[in-house]
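Notes for the one structure printed next.
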Amino acid sequence: MPAESKVRNLGIVAHINAGKTTLTEQVLFATGRQRFAGAVDDGTATMDYLAEEQQRGISITAAVTCVAWKGYRLNLIDTPGHVDFTAEVERCLAVLDGVVVVLDGTKGVESQTETVWRQADARRAPRIAFVNKLDRDAGDFGAAVQSLTERLGCRPVPIAWPVQRDGALVGWVDVLAGAVRGDDGRPLEGVVDLAAARTELIEALADLDEEIMRAFVEERDVPVDRLHAALRRGTLEGQLVPVFGGTALRNRGVDALLDAVCRYLPSPLDAGPVRAPGPQGGTQTREPRREAPFCALVFKTHVDPQEGSVHLARVYSGTLSAGDRVQRAAGEEPFAVEGLWTMHAEDREPLPRAVPGDVVVIGAAVALRTGDTLFAPGHAIQLEPVQFPRPVLTMAVEPRIAEEADLLEAGAQALARDDPTLTVTSDPDTGRLLVSGMGELHLEVFQSRLARRLGGRARFGRPTVACVETVTREARASAECRAGGEGSARAVVGVRVTPASGVARVANALTQPVPEGAPVPELLCELEARLRSGLAGAFPVVDVFVELVAVDGDAAGDAGDVLFLEALAVACRKAMVAAKPRLLEPLMSYVVTTPADQLSGVLADLRSRGAALEAVDSGAAPAQVTGKIRLRRVLGYATRLRSLTRGLGNVSLRPCGFAPCDEVSESSSSAPC
Ligand code: GDP
Ligand code: MG
């Protein structure tokens, strides 16, 4: 087993279609993990193992695999590129130490490249870039490198400069070694300016290393090891981004990329200790050492029809073996880890023990959830769970036969359990099952996964936007319910709602003693549930602080509990009305790209949808428009855009908050959001 310094946990991120999956397949092939490289285009890619992925040719569920390369162990995660699946990208980034960003060499930085780049920024994940598709005529390594500077504001440092001739890749400029080599091993004369490339590299590194600076000034040579070390430091500190190029499809440049992953990306030791708030305030840390108390974060769970629950966790400290007991929360019973495996797409291999930095499958009788911290009994720590955005689109799901409603709900719940951005609720008026997700594609995929589980038993409604409600002023209300007439058992409940930006929280603010047997925990629990499903109406409530302020009366027993809950419902409705609620609808930020000659048509269409334009870049190829728009106005837009642009236009949408429903009237054509 390699020492932790020889482990790399890395994610591959990119705009859709840049070639992540193809690259991953080549890595599996290059590292001897599989004897052939699967192809996305014929549905044989190992990492895209869900039927939906193979049908659509895109990655939906992040898949994890573990490969060996020159004595290193690489835990590799192929993440989805579509913006509807950002949650997958987020939770993978949370447990990774480094990132490989794949660019389509014919396009350079694209909109989703920017999104994932910012996500990696937020987590300070060191990165290297791979410019793919350089076998294509339109592939342009230099332009892609430039787009990294211009659009992402980073400092790209090309390490191996691919040499193209007549559209084909014929060799490499190895900037570090100072050599230009053709495919046949012979030098390629006069194709590129090696001296200029090398000067640029040394200049970038001179800023980081005084010895290199001195050598540069004195025009001395610098030993290659010194350059590697400076590159590694610059990468880890986020000062620069080493750039490689090649073609995943034709397996060129992949070996050099793997070497770079080992050389420049962080090991779990470089990533340093994890920190978490301590139970009594302060900060707790766990060093990435085998002897430290064990802790791990569960970052993905899914239910496999054959194998039951599969829990993926990243180990941060300590050692775990099958049979060990772990705990999930202080005060909870420890449970046994029944099995421990490494993951290879949908297959697993037993692992004798896991050490810091490992990404493993944990078998347990307890159903773990995404975001759970596991720790050695008695060494409680709660790592920061991954935060997920709120779903913005809702769709009704109905059984074809009324008797099968439960079956349907169970199926939907099972899928939602694996995906925190998918929620299942029921319509309070009709009892219909409602499923909410991050976008049209997300719900479409849910639909086909559910259909695959349950056959044709379900009917699906049209997706509608998921509105939320908020309050504009503080209000307090109480309500009394009686079992019968005057003198019968009574229950009184009072609540207070307060506007609170950025939170949706419930608290116990009772100041008076409550009557014995009054169901206070149940009332708080019900408030939590109502916050998600609606305090007064049918909409989740956001930016609000809800307090239980009064509980009184003599109602008792089960019937009494029902009475208290009834009083709570009435009090909530009254408080909401008094707090002047306001309905909000989801707002999306969009990036639309289109051939320049279709720009005016695209702009006119966007305006007719009430979009706010923030920037129009008509000089870029393709032209690009960014801004904000109400989700309601862009349902089905991807199809419309394709027809407006002969199939060449592209849209990326990302939830960016909520806007009051009443501010812009349906008919207005150009008012900004
Ligand atoms: P992903 O969405 O980033 O996972 O991209 P895929 O790996 O699914 O690739 C998208 C498309 O680009 C597929 O049709 C691939 O065959 C193609 N592709 C990937 N890498 C290359 C490459 O190096 N050269 C060329 N010409 N096509 C590639
Ligand atoms: Mg893919």
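For our numbering, count along the sequence shown from 1 and bump the result up by 166. The beta-carbon is built from N, C-alpha and C at its ideal position, and this holds for glycine as well.
Within the same chain, and ignoring the five residues on either side of Arg696 in sequence, the residues whose Cβ sits closer than 7 Å to its Cβ are Cys738. Within the stretch 520–585, the complete alpha helix (DSSP H) segments of 4 residues or longer fall at 571–584, listed in chain order. Here Glu280 really is in contact with Arg317; their C-beta atoms are around 6 Å apart, less than 8 Å. About 15 Å separates the beta carbon of Val420 from that of Ala180, a gap too long to meet the 8 Å contact definition.
Between the C-alpha atoms of Pro687 and Gly489 there is a straight-line separation of about 35 Å. At least one heavy atom of ligand 1 falls within 7 Å of the beta-carbon of Ile182. Secondary-structure assignment with DSSP links Tyr238 through a beta bridge to Trp235. One Cα belongs to Pro522, the other to Thr591, and the distance between them is close to 38 Å. Membership of Cys827 in any alpha helix (DSSP H) is not indicated, and neither H nor E is assigned to it by DSSP. Within 10 angstroms of the beta-carbon of Val297 lie 16 or more other beta-carbons, which makes it buried.
Within the stretch 482–522, the complete beta strand (DSSP E) segments at least 3 residues long are 505–510, 513–516, listed from N- to C-terminus.
Shown here for Phe824: same chain residues with a beta carbon closer than 7 Å to its own, the five before and five after excluded, namely Val634, Leu750, Glu751, Pro752, Leu753 in chain order. Relative to ligand 1, even the nearest heavy atom lies 7 Å or more away from the CB of Thr279. In the three-state reduction of the DSSP assignment, Cys633 falls in the coil class. Across the structure, Ala542 and Pro443 are spaced so that their CA atoms are roughly 17 Å apart. Between the alpha carbons of Asp783 and Gln764 lies a distance of about 13 Å.
Distances between the C-beta of Asn816 and the heavy atoms of ligand 1 are all 7 Å or more. Where Cys647 is concerned, the enclosing beta strand (DSSP E) starts and stops at 641–648.
The shortest C-alpha to C-alpha distance from Trp507 to any of Asp524, Glu499, Leu360 is the one to Asp524. For Ile368, the three-state secondary structure derived from DSSP is helix. Annotation for Lys186 indicates a beta carbon within 7 Å of some heavy atom of ligand 1. The continuous alpha helix (DSSP H) containing Arg618 extends over residues 606–620.
Minimum Cα-Cα distance from Ala735 among the listed residues Arg399, Arg331, Ala704, Val173 corresponds to Ala704. Placement of the Cβ of Lys299 at a distance of less than 7 Å from at least one heavy atom of ligand 1 is found. Pairing Asp709 with Ala745 gives a Cβ-Cβ distance that is not under 8 Å. Val669 is positioned such that its CB atom lies no closer than 8 Å to that of Ala741. Distances from the CB of Thr413 to the heavy atoms of ligand 1 include at least one below 7 Å.
Rounded to the nearest angstrom, the Cβ distance from Gly333 to Asp303 is 4 Å, consistent with a contact under 8 Å. The C-beta of Ile567 has fewer than 16 other C-beta atoms within 10 Å across all chains shown, which makes the residue exposed. Arg416 has its CB nearer than 7 Å to a heavy atom of ligand 1. Between the stretch 478–489 and the stretch 453–461 there are three or more C-beta pairs closer than 8 Å, enough to call the two in contact. The alpha-carbon of Asp270 is positioned some 33 Å away from that of Arg618.
Fewer than three Cβ pairs drawn from the stretch 769–784 and the stretch 718–725 lie within less than 8 Å of each other, which leaves the two stretches out of contact.
In this structure, Arg302 has its CB closer than 7 Å to one or more heavy atoms of ligand 1. Taking all protein chains shown into account, Gln192 has 16 or more neighbouring C-beta atoms within 10 Å of its C-beta and is therefore buried. With a threshold of 16 other beta carbon atoms within 10 Å, Ala363 meets it and is buried.
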